[in-house]
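Taking it in order: structure first as C-alpha cells, then the write-up.
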Amino acid sequence: MRYISTRGGGEPLKFKDTILAGLARDGGLFLPETVPDLRDSLDAWRPLPYPELALEIMRLFADDLPDHALRRLVEKSYASFRHPDVTPVVPVGPVHLLELFHGPTLAFKDVALQFLGNLFEYVLGETGGEMNIVAATSGDTGSAAIHGVRGRARIRIFVMHPHGRVSPVQERQMTTVTDANVHNLAVDGTFDDCQNIVKNLFNDLPFRDACHLGAVNSINWARVLAQIVYYFYAAFRVQAATGAANVRFTVPTGNFGDIFAGYMAWKMGLPIDKLVLATNENDILARYFTTGVYSLGPVAPTLSPSMDIQVASNFERYLYYLAGENAATLQQWMAEFKAAGSLTPGVSPHVCFAAGRGDTAGTLATIREYWTRHAYLLDPHTAVGVTVGSQFLDPSIPMICLATAHPAKFGDAIVRATGLDLARHPILDALAALPTRMRIVPADTATVAGIVKATIGGKNA
Ligand SMILES: *Cc1c(COP(=O)(O)O)cnc(C)c1O
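The letter at position 315 of the sequence shown is residue 316 when you use our numbering, and the numbering goes up by one with no holes.
This is the structure:
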C-alpha cells in the first residue's frame, strides 16, 4: 500500500515513510492510494479478539512491516490497557457505549498513541535515526502522546497546549511527566494557535529536515489507522449481541480524526447505517453537515475542551474524497477557505453522515439523566455525543456512542451536572502529589522554533 498527498504533490510513499513524515511536503495530508473492500472478510473476523483484529486490518495498510514485527507492536500497545477487551462495548439505556478510555491516560487517544509510540521506536531503531515530535493539544492528545513516547531513546517530544485552557487534570497528566525527553510548552493563545505553530514548523521544510520533525497530531495516518479498528470491533460485538444487520455510530468530534476513521471503516464495507457527528458549541462541522457551508466561527471554551476546535485538521482528508479524489479541486477549496474563512463545496456529503450540536445545558442534562436513570457516568465529551446521538435513534438499528474519556478527567463537569463529586480515578488522584515541569511561551512560531533548536543543539552540538 502506498500513500499520496491530498494536495497531489510528491511521489507516493510507503507506510513507514508516511508515518515518519506525518504531513506531506506540499502541506497536504496522506491517504492510502486505494481503500480495500473488506466485505468478504467481515464474517471471518467477527470473533477475533481486539489485537488479532487490529493485526488483520493494519497489515493491509502497513504491508512494508514484517508480520511478526507488526504483531509484536500491536500486542505491546494494547497490553497497556486495563480491560481485557481493550475497548469494551457496554449497553446503557437506549445506546451502546464503546469505552475507549481504558488506556494509560484515560482517553481514547491512547488507542492510537500507544501504537504510534511503539511504531516510531521500531522504525527509528531500524533506520538509526532520531525524531523530534512537535505537537499541539487541546488537552487529551498531549498527555496520550507524552505517555506514548516518554523515556524512549531517539525521540524527544515538544507539546504545546493553550495555557490555562485545558482542565487542571489534563495539565497535570502532561506536566507531571518529567522524563528528560518530554518538553511541555504552555502557549498564551488558543488551541488553533498551537495547531498553527505546528503547521508553520512543518511547512518550513529546511527546519523540518534539520530538526527531524515528527508528528503525532491526528494528521498522522497511523492514528487514523489505529482508530479504524475499534469501529469494526464494536460493530461485530454489537451485531453479535443484537443480531442487527447494520449499526449506527455517534462520534463526539473536534479535529475530525476519530470520525474520519469511522468514515474509512464505512468505505471499507463495514455496515454502518449512519455516522452521527456531534459537536459542542464549536459547531463548524455540525453546521457544515447540516447546511453545506463550512464557515469559521470564534472558538468558545466549553465543558468538553478537547472539542473546542474550529479548524479541524483532518477535515481535509474528507474533503479530498468529497472532491472525487481530485487534488486540484481540493487545493482550490483549501485556498478558498483560507482566503474567505468559508467554503461551500456544492457537493452533497456522503449519505452515511448525520450531524448535530450538543450545547452545555443539553450535555449537563444528559450526564444527569444517565447517572440517575442508568447509574452510568458520562464524561462531558461522551455526553455531547449521547445528547446528539439520542436524536438519531431507530429501534431496529443499534446506536453505538463512542465514550472518549473517563469521567474523572472532567470531574468539575460531573459536579456541575449531578451536584456530587462522583468521578474519581486512582491514577488521577495520584497526580496531585507529583512535581511538574512546563514553560510558558507566546503564541509565536519563531519562539517555539528557537526552543526546539536550542534543546536539540544542547545535546547534539
Ligand atoms: C480528542 C478528543 C475528542 C475529539 O476527537 P477528534 O479526533 O479530534 O475529533 C473527543 N473526546 C475526547 C475526550 C478527546 O480527547
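Ideal Cβ placement from N, Cα and C applies to all residues, glycine included. Computed from a predicted structure; not experimentally measured.
Less than 7 Å between C-beta atoms, sequence neighbours within five positions excluded: which residues of the same chain meet that for residue i?
| i | result |
| --- | --- |
| residue 190 | 163 and 444 |
| residue 307 | 139, 140, 141, 255 and 382 |
| residue 377 | 93 and 371 |
| residue 289 | 295 |
| residue 83 | 103 |
| residue 26 | 10, 11 and 206 |
Which class does residue i belong to by DSSP, given the choice of helix, strand or coil?
| i | result |
| --- | --- |
| residue 344 | strand |
| residue 4 | strand |
| residue 163 | strand |
| residue 182 | coil |
| residue 461 | Annotation note: pLDDT 42 at residue 461 (below 50); position unreliable, coordinate value reported separately. Residue 461: helix per DSSP, three-state reduction. |
| residue 49 | coil |
| residue 463 | With the chain covering only 2 through 462, there is no way to say anything about residue 463. |
| residue 377 | coil |
| residue 195 | helix |
| residue 126 | helix |
| residue 81 | coil |
| residue 69 | helix |
| residue 388 | helix |
Looking only at its chain, what residues have a beta carbon closer than 6 Å to the beta carbon of residue i, apart from the 5 residues adjacent to it on each side?
| i | result |
| --- | --- |
| residue 131 | 155 and 213 |
| residue 157 | 133 and 182 |
| residue 116 | 78 and 227 |
| residue 113 | 224, 227 and 228 |
| residue 344 | 295, 334, 337 and 338 |
| residue 150 | 118, 156 and 158 |
| residue 110 | 141, 142 and 145 |
Taking the straight line between their C-alpha atoms, what separation do you get for residue i and residue j?
| i | j | result |
| --- | --- | --- |
| residue 51 | residue 266 | 16 Å |
| residue 348 | residue 73 | 43 Å |
| residue 40 | residue 236 | 13 Å |
| residue 252 | residue 409 | 20 Å |
| residue 271 | residue 300 | 34 Å |
| residue 462 | residue 400 | Note that residue 462 scores a pLDDT of 32, beneath 50, so its modelled location is shaky; the value from the coordinates is reported in the next line. Taking the straight line joining both Cα atoms gives about 55 Å. |
| residue 259 | residue 458 | 36 Å |
| residue 303 | residue 295 | 21 Å |
| residue 393 | residue 242 | 20 Å |
| residue 342 | residue 287 | 16 Å |
| residue 20 | residue 222 | 6 Å |
| residue 336 | residue 197 | 16 Å |
| residue 100 | residue 379 | 10 Å |
| residue 88 | residue 263 | 15 Å |
| residue 363 | residue 257 | 22 Å |
| residue 411 | residue 384 | 12 Å |
| residue 193 | residue 297 | 12 Å |
| residue 467 | residue 86 | Any question about residue 467 goes unanswered here, given that the chain covers just 2 to 462. |
| residue 419 | residue 160 | 33 Å |
| residue 179 | residue 438 | 6 Å |
Once the 5 residues before and after residue i are set aside, which same chain residues still bring their CB inside 8 Å of it?
| i | result |
| --- | --- |
| residue 432 | 170, 173, 174 and 177 |
| residue 239 | 90, 97, 245, 248, 399 and 401 |
Would you call residue i buried or exposed, if buried means 16 or more other Cβ atoms sit within 10 Å of its Cβ?
| i | result |
| --- | --- |
| residue 310 | buried |
| residue 352 | exposed |
| residue 273 | buried |
Is the number of C-beta pairs between the segment 389-399 and the segment 272-292 that are closer than 8 Å three or more? yes
Counting pairs of Cβ atoms below 8 Å between the segment 316-330 and the segment 228-243, do you hit three or more? no
Decide yes or no for the touch test of the segment 16-26 against the segment 51-66: beta carbon pairs closer than 8 Å, at least 3 of them. yes
At least three beta-carbon pairs within less than 8 Å, the segment 348-361 to the segment 191-208: no
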